[in-house]
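Here the structure comes first, spelled out in structure tokens, and everything after it is commentary.
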Amino acid sequence: MSTYAPIGLTGGIASGKTTVAQLFRSWGAFVADADDISRHALDVGTPCYEQTVGTFGRHILLPDGAIDRKKVASIVFSDPEALAVLNGIIHPYVHEVILTDSERVFSETPRRLIVWDVPLLFETGYDREVGKTVVVTARQSLRIQRIVARDGSTKAAALRRIRAQMPDREKVKRADMVIRNNGSLEELETRTREVFDELLETMDR
Ligand code: ATP
Numbered sequence: 002m003s004t005y006a007p008i009g010l011t012g013g014i015a016s017g018k019t020t021v022a023q024l025f026r027s028w029g030a031f032v033a034d035a036d037d038i039s040r041h042a043l044d045v046g047t048p049c050y051e052q053t054v055g056t057f058g059r060h061i062l063l064p065d066g067a068i069d070r071k072k073v074a075s076i077v078f079s080d081p082e083a084l085a086v087l088n089g090i091i092h093p094y095v096h097e098v099i100l101t102d103s104e105r106v107f108s109e110t111p112r113r114l115i116v117w118d119v120p121l122l123f124e125t126g127y128d129r130e131v132g133k134t135v136v137v138t139a140r141q142s143l144r145i146q147r148i149v150a151r152d153g154s155t156k157a158a159a160l161r162r163i164r165a166q167m168p169d170r171e172k173v174k175r176a177d178m179v180i181r182n183n184g185s186l187e188e189l190e191t192r193t194r195e196v197f198d199e200l201l202e203t204m205d206r
């Protein structure tokens with residue numbers, strides 16, 4: 002008999018957690034992706050759409066009725082209170098979607114691994130709602146290289162983004178399992194498979 006215990010997956014910027022999540026998914030896990038859900042939170046038809054237009058006004062709408070994300074971003078960029086209001090609309094929605102989707106998957110396929118891919122897993126308290134936690138880490142120099150290659154930002158800007166987050170050593174202290182992504186993509190896949198198999202075994206116990 003399987004019990005409902007999602008896996009929390011996290012890691013700092015450019016650690017490789019999206020790559021790990023994709024591998025988990027390719028091996029059959031259900032992955033709830035917090036970033037992806039929040040990217041779609043303001044789409045037409047969501048409860049967040051209605052609340053955001055109700056709160057900020059119809060001037061944030063584009064002619065086709067969609068929310069002008071650039072306009073919203075420019076409002077909250079210079080107004081911390083507006084940012085808190087927007088977060089207060091989006092975060093509970095993301096949480097609700099993660100829970101509802103995961104519970105549905107569990108009721109349909111109780112033996113399927115359920116993974117919550119949440120960049121701020123520890124910072125936002127999601128870690129208290131999951132079974133095991135998995136942290137992906139990588140050396141700072143590698144993360145900088147990967148951010149520069151991917152986003153075209155400067156090394157200094159990449160370093161600032163890394164330093165704005167909870168340090169890896171703190172995440173590692175809190176994690177049940179760690180995937181150190183300091184080698185090739187093949188090595189990452191091998192280690193991720195070990196972790197995946199161990200998580201499946203734990204489910205069977
Ligand atoms: P973010 O939090 O910034 O979205 P992330 O932690 O999800 O990043 P990924 O998107 O998986 O990280 O990886 C960041 C970039 O580094 C990607 O372009 C990915 O292909 C590359 N990458 C990840 N691991 C390796 C590796 N071991 N070797 C080479 N490239 C890698």
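Throughout, the numbering used here is defined as the position within the sequence shown, counted from one, plus 1. Glycine included, C-beta positions come from ideal geometry on N, C-alpha and C.
What residue range does the beta strand (DSSP E) around residue i cover?
i	result
G9	I8 to G12
I115	I115 to D118
A33	F31 to D34
S110	Note on identity: in this sequence residue 110 is Thr, with Ser being the wrong assignment. Per DSSP, T110 belongs to no beta strand (DSSP E) and is neither H nor E.
At a cut-off of 7 Å, is residue i close to the ligand ATP when judged by its beta-carbon and the heavy atoms of the ligand?
i	result
R161	no
T155	no
K172	no
A15	yes
T47	no
What three-state label does DSSP hand residue i in the structure shown?
i	result
A67	coil
M167	coil
V179	strand
V98	helix
L122	coil
So, at 7 Å on beta carbons, what are the nonlocal neighbours of residue i in its own chain, with the 5 sequence-adjacent residues on each side left out?
i	result
L24	E190 and T193
V32	A22, F25, R26, V116 and D118
G66	V45
Could you check where the alpha helix (DSSP H) with residue i kicks off and where it finishes?
i	result
V137	Counting along the chain, V137 falls outside any alpha helix (DSSP H), though it belongs to the beta strand (DSSP E) covering T134 to T138.
T53	P48 to F57
T20	K18 to S27
A150	Q141 to D152
Is the beta carbon of residue j closer than 8 Å to that of residue i?
i	j	result
R70	L100	no
Here's a check: name, in chain order, each residue in its chain whose Cβ is nearer than 8 Å to the Cβ of residue i, leaving out the five neighbours to either side.
i	result
V149	T155, K156 and A159
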